[in-house]
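Residue numbers (the UniProt record's numbering): 1 to 469. Ideal Cβ placement from N, Cα and C applies to all residues, glycine included. In what follows, a structure is listed as structure tokens, so that the remarks can point back to it.
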């Protein structure tokens, strides 16, 4: 039986109305008699579990989907309001990172999330990121695993729900090993037991326990392990002290052979290289941080290790361009914008030709680099900056080799994103509005954008040219 809402009002000892959550399982002694009479006396009502107590669900089954309904409902309410607004992809990404991703964090740190609920949360995020106004259908251009990769490795830095849940719950394992006097730990030990009470030299086995950062000793020195006399020996059985100096004594079944001397020497060098403090209690050390302390972020990275590709993320996200333009440049680097060749891969039968030059098939690299219309724009840029440049074959390589360091190169670093965005807008105007602009108009627009990026005013074209060189 659980009483909720008990409040004592001053000296009158008056109890405000409360709820009585009753179940035979909670009482532990079977049905409780006169529950209705008790509620009438206290002035409350009889309710049923599960309930919410101090902001947390109480009485629900382990991994029950019901406890996640408030989180899902809150996310859907947020999305309902956002979908009525016209938001760019950059704005949607910001809302997902700052709001949607943080809503379930508290519950994720306490409960193991069912896979179906995790997939539903990720689907809500995916549909909102790629969706249009309202429920308008839009293609999901990049798979979710790539999006959840770190920004430095070509992703958008979003989090996968299940690994993030595991990383948050891993914090409790770390606390269980270190907070030995915590009341919650004592409750768990009393109910489930504890095989070994932490690391101690009298309990840690020398060969088969991980007591050093190098891993298991038996794996590092297998030949010596095979001839060891006591394979379950503890560290304290092999280690003794002469004043403040360590003395290691490894007992073997037989004398060493010539081919075993080298490995035995390496073992001794390894042991004497260890820094063991005689008067300090052994502690767990987290190997993924320099401080040795557990961090949820490092554990999440360990669970979601991605390929260490060198993605040109600085050229995209550290350029002084609007967020929606940076998002578009990221899609260009991934080769995922909806050019005609990508539409054909998705099963749409369309005539494959470039809307700008009308001389070749349309692809990401052709549209942004090799098209005659694009070449004219890039040639103008190189002339303005006094640069002699051979264009690479792909936009990915272009972004890799473009960036320069220093405040003097703010305009230079914004050129690729601005140029690609202008080319894409011109392409869409020709494709959907049947409207063409001369390349000179595009050049003037680029000049205005780059002037805005540098926070400088250029009253004449020649002044802008002088500012670039």
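- Message: Given this structure, state the Cα-to-Cα distance separating residue 227 from residue 286, to the nearest angstrom.
- Response: Their Cα atoms are separated by approximately 32 Å.
- Message: My output table needs one value for residue 234: the three-state DSSP class, helix, strand or coil.
- Response: DSSP places residue 234 in strand when its eight states are reduced to three.
- Message: Does the structure place the stretch 69-88 close enough to the stretch 307-315 that three or more beta carbon pairs sit under 8 Å?
- Response: Below 8 Å, too few C-beta pairs join the stretch 307-315 and the stretch 69-88 to call them touching: fewer than three.
- Item | Distance between residue 172 and residue 470 (C-alpha atoms, nearest Å) | Any answer about residue 470 is impossible in this case: the structure gives the chain only from 1 up to 469.
- Message: residue 274 and residue 236 - do their beta-carbons sit closer together than 8 Å?
- Response: For residue 236 and residue 274, no; Cβs fall outside 8 Å.
- Item | residue 304 versus residue 260 - alpha carbon distance | Approximately 40 Å, taken between the alpha carbons.
- Cβ distance (whole Å) where residue 329 is taken to contact residue 416 below 8 Å: Rounded to whole angstroms, the Cβ separation of residue 329 and residue 416 is 7 Å, and the two are in contact under 8 Å.
- Message: My assumption, with CB atoms under 8 Å, is that residue 100 sits in contact with residue 164. Please give the rounded CB distance.
- Response: 13 Å between Cβ atoms; not a contact.
- Message: Can you look up residue 205 in the DSSP assignment and give me helix, strand or coil?
- Response: Strand at residue 205.
- Name the one or two DSSP bridge partners that residue 239 has. For residue 239, which the question treats as bridged, DSSP gives the partners 248.
- Does the distance from the C-beta atom of residue 148 to that of residue 155 stay below 8 Å? Their beta carbons are under 8 Å apart, which means residue 148 touches residue 155 by this criterion.
- Query: Do you know offhand how far residue 266's Cα is from residue 169's?
  - Reply: Taking the straight line joining both Cα atoms gives about 39 Å.
- Query: Given a threshold of 16 other Cβ atoms within 10 Å of its Cβ, counted over all protein chains shown, does residue 470 qualify as buried or as exposed?
  - Reply: Since the first residue shown for the chain is 1 and the last is 469, residue 470 is missing from the structure and cannot be characterised.
- Please report the Cβ distance between residue 96 and residue 125, rounded to the nearest whole angstrom; I am assuming they are in contact, meaning their Cβ atoms lie under 8 Å. Yes, residue 96 and residue 125 are in contact; Cβ-Cβ is about 5 Å, under 8 Å.
- Query: Around the C-beta of residue 299, are 16 or more other C-beta atoms found within 10 angstroms, so that it is buried, or is it exposed?
  - Reply: Flag for residue 299 reads buried.
- Task: List in chain order: all unbroken beta strand (DSSP E) runs of 3+ residues lying wholly within the stretch 75-128.
- Result: Those beta strand (DSSP E) runs which fall completely within the stretch 75-128 and span 3+ residues do not exist here.
- Output yes or no for whether 8 Å exceeds the beta carbon distance between residue 414 and residue 320. Yes, the Cβ-Cβ distance between residue 414 and residue 320 is below 8 Å.
- Task: Can you give me the Cβ contacts of residue 317 inside the same chain, cut-off strictly under 7 Å, excluding the 5 residues immediately before and after it?
- Result: Excluding sequence neighbours, residue 317 sits near 151 and 326.
- Task: Taking residue 350 as part of the beta strand (DSSP E), name the residues at either end of that continuous run.
- Result: Careful: residue 350 lies outside any beta strand (DSSP E) and carries neither H nor E.
- Message: So, with DSSP's three-state summary, where would you put residue 387?
- Response: Residue state, collapsed to three classes: coil.
- Message: Going by DSSP in three states, residue 303 sits in which element: helix, strand or coil?
- Response: The DSSP-derived three-state label of residue 303 is helix.
- Name the residue from 240, 69, 292 and 220 whose alpha carbon lies nearest to the alpha carbon of residue 262. Minimum Cα-Cα distance from residue 262 among the listed residues 240, 69, 292 and 220 corresponds to 220.
- Message: Closer than 8 Å is the cut-off here; do at least three beta carbon pairs connect the stretch 355-369 with the stretch 176-187?
- Response: Contact fails: fewer than three Cβ-Cβ distances are below 8 Å.
- Query: Since residue 234 contacts residue 204 with CB under 8 Å, what's their CB separation in whole angstroms?
  - Reply: Correct: roughly 6 Å between the Cβ atoms.
- Would you report the Cα separation of residue 113 and residue 122, rounded to the nearest angstrom? Taking the straight line from one Cα to the other gives about 12 Å.
- Query: How about residue 399 and residue 422: do their beta carbons lie closer than 8 Å?
  - Reply: A distance of 8 Å or more separates the beta carbons of residue 399 and residue 422.
- Task: Give, in chain order, every unbroken run of the beta strand (DSSP E) that is at least 3 residues long and sits entirely within the stretch 257-295.
- Result: Positions of the beta strand (DSSP E) runs, each at least 3 residues long and wholly inside the stretch 257-295, cannot be given because no such run exists.
- Item | Assigned exposure category for residue 61 - 16 Cβ within 10 Å defines buried | Answer is exposed; the Cβ neighbour count stays below 16.
- Cβ of residue 42 within 7 Å of any heavy atom in the ligand FAD? You won't find the ligand FAD in this model; it holds no ligand whatsoever.
- Query: Helix, strand or coil: how does DSSP classify residue 182 here?
  - Reply: Three-state result, residue 182: coil.
- Straight-line gap, residue 81 to residue 128 (C-alpha atoms, nearest Å): Between residue 81 and residue 128, the alpha-carbon positions lie close to 11 Å from each other.
- Distance between residue 238 and residue 218 (C-alpha atoms, nearest Å): A straight line joining the alpha-carbon of residue 218 with that of residue 238 spans about 14 Å.
- Under 8 Å Cβ to Cβ from residue 142, same chain only, skipping five residues before and after it: list those, please. Closer than 8 Å at the Cβ level, and outside the excluded window around residue 142, lie 331, 334 and 336.
- Message: With H, G and I counted as helix, E and B as strand and the rest as coil, what does DSSP make of residue 62?
- Response: DSSP places residue 62 in coil when its eight states are reduced to three.
- From residue 355 to residue 419, what distance separates their C-alpha atoms? So the two alpha carbons sit approximately 16 Å from each other.
- Work out the CA separation of residue 349 and residue 296 for me, nearest whole Å. Rounded to whole angstroms, the gap between the alpha carbons of residue 296 and residue 349 is 47 Å.
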